[in-house]
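Residues in the first sequence are numbered from 1 upward in steps of one, following the UniProt record's numbering. Where is the CB? At the ideal position from N, CA and C, for every residue including glycine. Below you'll find the structure, written out as structure tokens, and then a few comments.
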Amino acid sequence: MMASASSQPQFRNTQPPSKVIHLRNLPWECTEEELIELGKPFGKIVNTKCNVGANRNQAFIEFADLNQAIAMISYYASSAEPAQLRGKTVYLQYSNRQEIVNNKTTGDVPSNVLLVTIEGVEAGDVSIDVLHVVFSAFGFVNKIATFEKTAGFQALVQFSDSETASTAKNALDGRSIPRYLLQEHVGPCTLRITFSAHTDLNVKFQSHRSRDYTNPFLPVAPSAMDVSGQLGFGQDGMKQEPESNVILATVENMQYAITIDVLYMVFSAFGTVQKIAIFEKNAGFQALIQYPDIRTARTAKESLEGHCIYGGGFCKLHLTYSHHTNLNVKINNDRGRDYTGGNTATMSNQPSILGPQPIPGLGGTAPYNSVPYPPPNAMIEPQPGASWDTGAGTVSPLPAQLQNQMYMHQGAMPPGVGPQMMPLPGQGSQLGPPPPGMSPQVVPLPGQGSQQGTMPGMGPQTRMMQLPGQGSQQRAMPPGMSTQMMQFPDQGGQQFPMPFSLPYGR
DNA sequence: AGCACA
Numbered sequence: 001m002m003a004s005a006s007s008q009p010q011f012r013n014t015q016p017p018s019k020v021i022h023l024r025n026l027p028w029e030c031t032e033e034e035l036i037e038l039g040k041p042f043g044k045i046v047n048t049k050c051n052v053g054a055n056r057n058q059a060f061i062e063f064a065d066l067n068q069a070i071a072m073i074s075y076y077a078s079s080a081e082p083a084q085l086r087g088k089t090v091y092l093q094y095s096n097r098q099e100i101v102n103n104k105t106t107g108d109v110p111s112n113v114l115l116v117t118i119e120g121v122e123a124g125d126v127s128i129d130v131l132h133v134v135f136s137a138f139g140f141v142n143k144i145a146t147f148e149k150t151a152g153f154q155a156l157v158q159f160s161d162s163e164t165a166s167t168a169k170n171a172l173d174g175r176s177i178p179r180y181l182l183q184e185h186v187g188p189c190t191l192r193i194t195f196s197a198h199t200d201l202n203v204k205f206q207s208h209r210s211r212d213y214t215n216p217f218l219p220v221a222p223s224a225m226d227v228s229g230q231l232g233f234g235q236d237g238m239k240q241e242p243e244s245n246v247i248l249a250t251v252e253n254m255q256y257a258i259t260i261d262v263l264y265m266v267f268s269a270f271g272t273v274q275k276i277a278i279f280e281k282n283a284g285f286q287a288l289i290q291y292p293d294i295r296t297a298r299t300a301k302e303s304l305e306g307h308c309i310y311g312g313g314f315c316k317l318h319l320t321y322s323h324h325t326n327l328n329v330k331i332n333n334d335r336g337r338d339y340t341g342g343n344t345a346t347m348s349n350q351p352s353i354l355g356p357q358p359i360p361g362l363g364g365t366a367p368y369n370s371v372p373y374p375p376p377n378a379m380i381e382p383q384p385g386a387s388w389d390t391g392a393g394t395v396s397p398l399p400a401q402l403q404n405q406m407y408m409h410q411g412a413m414p415p416g417v418g419p420q421m422m423p424l425p426g427q428g429s430q431l432g433p434p435p436p437g438m439s440p441q442v443v444p445l446p447g448q449g450s451q452q453g454t455m456p457g458m459g460p461q462t463r464m465m466q467l468p469g470q471g472s473q474q475r476a477m478p479p480g481m482s483t484q485m486m487q488f489p490d491q492g493g494q495q496f497p498m499p500f501s502l503p504y505g506r
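See below:
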């Protein structure tokens, strides 16, 4: 048949032009998107086929028009720069076929392996551990492999079965990784999820890019040995600031003025506030809130982070640990306040009726154990509404006019009920039933372990934050609902709450 | 680095 029978005719002869281009030496698990990215400058790509060949590192792209394929081949034939994908040289030639035939049901044949594209981040912004935490909420994650593409970051996440994978896909596709799992500089990490064609990933090492959670004895790649400890990130790669008894607060969407009194009120709910300083920086309003101890600060930070001081999503708090340990407040004024007793008679004692009380649902945390001096009102029984009644105590840290402004009464919250009941996170009147279309914001992830079961029907309550103190009288949450679920602010529907069932320690 | 899919 073959007229010019040669040992390797396809290598020696230039292929006749075809709309289909054969690509080889592709990076691992090259995606259709990457192929399109490579080819689209030359024309309209009408079909692709990825991961073919013995090493699954070959692919085909089919242009709408033959001339477009010719343009691509011609360009790279004379270009000084070879075609590249993820830094790898990609070799192109006309395919020996005239069209791609594939029965690809592009995307959604269920698989136990998910292909996850994390939009808007650099590789390295999202650690494999963060991904593991996110996806573990749906079931045991067998393996994860991550890889970079030119403009983005992808991961293959392998579950035991496609049902679990489907659940995860449905819940997470289009959503973003919660901010608190990420470094500050990282932008929104939207997840795009499809089913992979893989069924079992071949993970050879535990490394910063691949993990096999089914095999603890898998050798650890040397490159992954010393990742933790850098940049203040913990072993799991998540944010781990050095803790402090002083909290630095910044405020997003600051539609209302925030005074020291307001901050005092909010932060006193977690323990004795010793000092507050507020100031403007380039970034805007900032405040430092000093507690007697790290533990109290941690409780306040974890409880308040992402929550809004005012309803309607106004004045959303973002809290980090300050590098300070003791604020130097020289004069008490509207910029700084020292409540420790040196300065003001009225502020000389525990100013709040809120004594040390365990935070409901914080799992045995005793945040006030280390308060260095006994708050005088520790024994006062919780009384709904009492603590924030301006007339109830000797100290009224909140100007009357502020009270109106501060806690917008939201139907379910009776006047006089203090900030314990204020609907903190979220944007709206969260005490009522969820507006249509709001519920996806609070799609509860199914719990994987014993710690946190699925919370069906968990609607707007998740946005309620139960502050310690008197709130137990007016519980807005079903008993037993973990406060952990309340700590995840939603951000315009972008984020999702997660049960905080970390399979391994932080 | 070298041509899939049924």
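1. So residue 210 is in the beta strand (DSSP E); what residue range does that whole segment cover?
2. Would you mind working out which of 194, 195 and 211 sits nearest residue 202, comparing C-alpha positions?
3. Smallest Cα separation from residue 176: which of 84, 119 and 184?
4. Have a look at residue 161 and residue 155 and give me their C-alpha separation to the nearest angstrom.
5. To the nearest angstrom, how far is it from the Cα of residue 72 to the Cα of residue 195?
6. Which value, in whole angstroms, describes the spacing of the CA atoms of residue 301 and residue 167?
7. I want to know whether the region 284-304 touches the region 260-271 - three or more CB-CB distances under 8 Å.
8. Could you check which residue in 41, 122 and 116 has the C-alpha nearest to that of residue 183?
9. Taking DSSP's pairing of strands, which residues face residue 48 in a bridge?
10. Please tell me whether residue 164 and residue 205 are closer than 7 Å, where the distance is taken between their beta carbons.
11. Is DSSP giving residue 37 helix, strand or coil here?
12. What number of angstroms, rounded off, separates the C-alpha of residue 213 from the C-alpha of residue 337?
13. If you draw a straight line from the C-alpha of residue 43 to the C-alpha of residue 258, how long is it?
14. Tell me the DSSP bridge mates of residue 119?
15. Below 7 Å between beta carbons: does that hold for residue 327 and residue 275?
16. With a threshold of 16 other CB atoms inside 10 Å of the CB of residue 185, please say whether the residue is buried or exposed.
17. Between which two residues does the beta strand (DSSP E) containing residue 519 stretch?
18. Just checking, does the region 32-39 make contact with the region 80-94 on the three C-beta pairs under 8 Å criterion?
19. Determine the burial state of residue 178: buried for a count of at least 16 other Cβ atoms within 10 Å of its Cβ, exposed for fewer.
20. With DSSP as the reference, label residue 90 as helix, strand or coil.
21. Is it the case that the region 126-135 contacts the region 62-71, given that we only count it when at least three CB pairs across the two stretches are under 8 Å?
22. With burial defined as no fewer than 16 other Cβ atoms inside 10 Å of the residue's Cβ, what is the status of residue 116: buried or exposed?
23. To the nearest angstrom, report how far apart residue 19 and residue 254 are at their CA atoms.
24. Return the residue from the list 145, 273 and 322 that minimises the CA-CA distance to residue 339.
25. Looking only at its own chain, which residues have a Cβ that is under 7 Å from the Cβ of residue 427, when we skip the five neighbours before and after it?
26. Counting only the same chain and skipping the five closest in sequence on each side, list residues whose C-beta sits under 6 Å from that of residue 61.
27. Rounding to the nearest angstrom, what Cα-Cα distance links residue 335 and residue 125 in this structure?
28. Using the C-alpha atoms, what's the distance from residue 308 back to residue 409?
29. Within its chain, find whatever has a CB closer than 8 Å to the CB of residue 244; leave out the 5 residues flanking it on each side and keep chain order.
30. Can you grab the Cα-Cα spacing for the pair residue 77 / residue 95, in whole Å?
31. Among 90, 191 and 147, whose alpha-carbon lies nearest the alpha-carbon of residue 135?
32. From residue 91 to residue 25, what does the alpha carbon distance come to, in whole angstroms?
33. Would you tell me roughly how many angstroms separate the C-alpha atoms of residue 102 and residue 145, rounded to the nearest one?
34. Report the residue from 198, 57, 56 and 318 whose alpha carbon sits nearest the alpha carbon of residue 251.
35. Could you spell out where the alpha helix (DSSP H) holding residue 140 opens and where it closes?
36. Excluding five sequence neighbours on each side, which residues of the same chain lie with their C-beta closer than 6 Å to the C-beta of residue 370?
Quick answer:
1. Translated into the one-based positions of the first sequence, residue 210 becomes position 210. Where residue 210 is concerned, the enclosing beta strand (DSSP E) stretches over 210-212.
2. On the first sequence, position 202 is the one that residue 202 refers to. Nearest option by C-alpha distance: 211.
3. Here residue 176 refers to the residue found at position 176 when the first sequence is read from its first residue. Nearest C-alpha to residue 176: 119.
4. Against the first sequence, residue 161 aligns to sequence position 161. Against the first sequence, residue 155 aligns to sequence position 155. So the alpha carbons of these two residues sit roughly 17 Å apart.
5. If you number the first sequence from 1, residue 72 lands on position 72. If you number the first sequence from 1, residue 195 lands on position 195. So the two alpha carbons sit approximately 30 Å from each other.
6. The residue you call residue 301 lines up with position 301 of the first sequence. The residue you call residue 167 lines up with position 167 of the first sequence. Rounded to the nearest angstrom, the two C-alpha atoms are 32 Å apart.
7. yes
8. As a first step, residue 183 must be located in the first sequence, where it is residue number 183. Considering only alpha carbons, the answer is 122.
9. If you number the first sequence from 1, residue 48 lands on position 48. Residue 48 is bridged to 61.
10. For the purposes of this step, residue 164 is identified with residue 164 of the first sequence, where counting begins at 1. For the purposes of this step, residue 205 is identified with residue 205 of the first sequence, where counting begins at 1. Their beta carbons are not under 7 Å apart, which means residue 164 does not touch residue 205 by this criterion.
11. Indexing the first sequence from 1 puts residue 37 at position 37. Helix, per DSSP.
12. In the first sequence, the residue the question calls residue 213 occupies position 213. In the first sequence, the residue the question calls residue 337 occupies position 337. Those two C-alpha atoms are separated by around 51 Å.
13. Taking the first residue of the first sequence as 1, we reach residue 43 at position 43. Taking the first residue of the first sequence as 1, we reach residue 258 at position 258. Going by the C-alpha atoms only, they are around 55 Å apart.
14. Position 119 of the first sequence, counted from the first residue, corresponds to residue 119. The partner list for residue 119 (beta bridge, DSSP) reads 190.
15. For this step, residue 327 is matched to residue 327 along the first sequence. For this step, residue 275 is matched to residue 275 along the first sequence. Yes.
16. Your numbering for residue 185 matches position 185 in the first sequence. Label assigned to residue 185: exposed.
17. The structure shown does not extend to residue 519, since the chain is modelled only from 1 through 506, so no value can be given for it.
18. yes
19. If you number the first sequence from 1, residue 178 lands on position 178. The residue is buried, with at least 16 neighbouring Cβ atoms inside 10 Å.
20. The count along the first sequence starts at 1 and reaches residue 90 at position 90. It is coil, neither helix nor strand.
21. no
22. In the first sequence, residue 116 corresponds to position 116, counting from 1. Buried: at least 16 other Cβ atoms inside 10 Å.
23. Position 19 of the first sequence, counting from 1, holds the residue named residue 19. Position 254 of the first sequence, counting from 1, holds the residue named residue 254. About 56 Å.
24. Here the question's residue 339 lines up with position 339 in the first sequence. When only C-alpha atoms are compared, the closest one is 273.
25. By one-based count along the first sequence, residue 427 stands at place 427. At residue 427, the pLDDT of 36 sits below 50, so the modelled position is not reliable; the number obtained from the coordinates is stated separately. Contacts found: 312 and 313.
26. For the purposes of this step, residue 61 is taken as the residue at position 61 of the first sequence. Hits under 6 Å: 21, 35, 39, 45 and 48.
27. Translated into positions along the first sequence, residue 335 becomes position 335. Translated into positions along the first sequence, residue 125 becomes position 125. If you take the alpha carbons of residue 335 and residue 125, they lie about 36 Å apart.
28. Translated into positions along the first sequence, residue 409 becomes position 409. Translated into positions along the first sequence, residue 308 becomes position 308. Below a pLDDT of 50, predicted positions are generally treated as unreliable, and residue 409, at 32, falls in that range; no measurement from the model is reported.
29. Against the first sequence, residue 244 aligns to sequence position 244. Only 294, 297, 321, 322, 323, 324 and 325 meet the Cβ criterion.
30. By one-based count along the first sequence, residue 77 stands at place 77. By one-based count along the first sequence, residue 95 stands at place 95. The alpha-carbon atoms of residue 77 and residue 95 are separated by roughly 15 Å.
31. Your numbering for residue 135 matches position 135 in the first sequence. Here the closest residue by C-alpha is 191.
32. What you label residue 91 is simply residue 91 of the first sequence in a count that begins at 1. What you label residue 25 is simply residue 25 of the first sequence in a count that begins at 1. Answer to the nearest angstrom: the Cα atoms are 6 Å apart.
33. Counting from 1 along the first sequence, the entry for residue 102 is found at position 102. Counting from 1 along the first sequence, the entry for residue 145 is found at position 145. If I take the Cα positions, the gap works out to 26 Å.
34. Counting from 1 along the first sequence, the entry for residue 251 is found at position 251. If we check each option's Cα against that of residue 251, 318 comes out closest.
35. As a working note, residue 140 is residue 140 in the first sequence. Run containing residue 140: none; DSSP gives neither H nor E here.
36. Walking along the first sequence from the start, residue 370 turns up at place 370. For residue 370, the pLDDT reaches just 33, beneath the cut-off of 50, and the residue's location in the model is therefore unreliable, leaving the point undetermined.
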